[in-house]
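Colleague: Just dropping this structure here.
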Amino acid sequence: MKVVFSVEILGNFFWYHGRLGKKVTCELLQRNGQFLVRSARSKVDLQIKVVLSVKWNNRHYHFRIKKNGTYFSIEELQFDNIVQLISFYFASKHPLTKRSKAILLQPLYRCVEFHAPYVLREALNIAFVCVVVIFLYTFIIK
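For the record, in the sequence shown the residue sitting at position 52 is 51 according to numbering that gives the first Met the number 0, with numbers rising by one throughout.
And the structure:
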């Protein structure tokens, strides 16, 4: 089985959720423009593929990130790696495809770290985010 990406590298980005099915992905993506990246096993060739899932105009889209030689793409634009691809579409607000016109507005971050070596770092990140949210709610929003 050939894997076309490195989980260790993608695992450093909180928008990457690891192995996740379509049904769960659709339940997680609640707002238009929310997105996540996941891995899924292809029903055709049983290989692990990388999928960019996004909610747009109240529909869920699942775009397989294609690998062509050394480049990654969704439609026409090509990138050296998946991180560059996601960063470009998120920062530029460029539509993912001409047909869907879906735009990446908000990454949906995973809540639980799935790589054992990163558990402490993840716990610290979650604790920091919780402190910030509590501060904002207590002093700014109220």
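Glycine residues also receive a C-beta, built at the ideal position from the N, C-alpha and C atoms.
Could you give the distance in angstroms between the alpha-carbon of Leu145 and the alpha-carbon of Gln33?
Modeller: Beyond the ends of the chain as shown, which are 0 and 141, falls residue 145; an answer cannot be given.
Colleague: Less than 8 Å between the C-beta atoms of Val53 and Leu27, yes or no?
Modeller: no
Colleague: For Ser41, which residues in the same chain have their Cβ closer than 6 Å to its Cβ, ignoring the five residues on either side in sequence?
Modeller: Taken in chain order, the residues that qualify are Lys48.
Colleague: I'd like to check one pair, Tyr88 with Phe13: are the Cβ atoms closer than 8 Å?
Modeller: no
Colleague: When you compare only the Cα positions, how much space is there between His16 and Lys22?
Modeller: 14 Å
Colleague: Only counting runs of 4 or more residues, tell me where the alpha helix (DSSP H) segments fall wholly within the region 17-58, in order along the chain.
Modeller: If only uninterrupted alpha helix (DSSP H) runs of at least 4 residues are considered, those enclosed by the region 17-58 are 21-27.
Colleague: Could you give the distance in angstroms between the alpha-carbon of Glu75 and the alpha-carbon of Pro106?
Modeller: 22 Å
Colleague: Count the other C-beta atoms from every protein chain shown that fall within 10 angstroms of the C-beta of Arg18, then say buried if there are 16 or more, exposed otherwise.
Modeller: exposed
Colleague: Measuring only the C-alpha atoms, how far is Phe71 from Asn31?
Modeller: 24 Å
Colleague: Could you check what DSSP says for Phe89 in three-state terms: helix, strand or coil?
Modeller: helix
Colleague: Nearest to Asn56 by CA position, among Arg98, Val36 and Val82, is which residue?
Modeller: Arg98
Colleague: Output the distance between the C-alpha atoms of Lys100 and Arg37, rounded to the nearest integer angstrom.
Modeller: 20 Å
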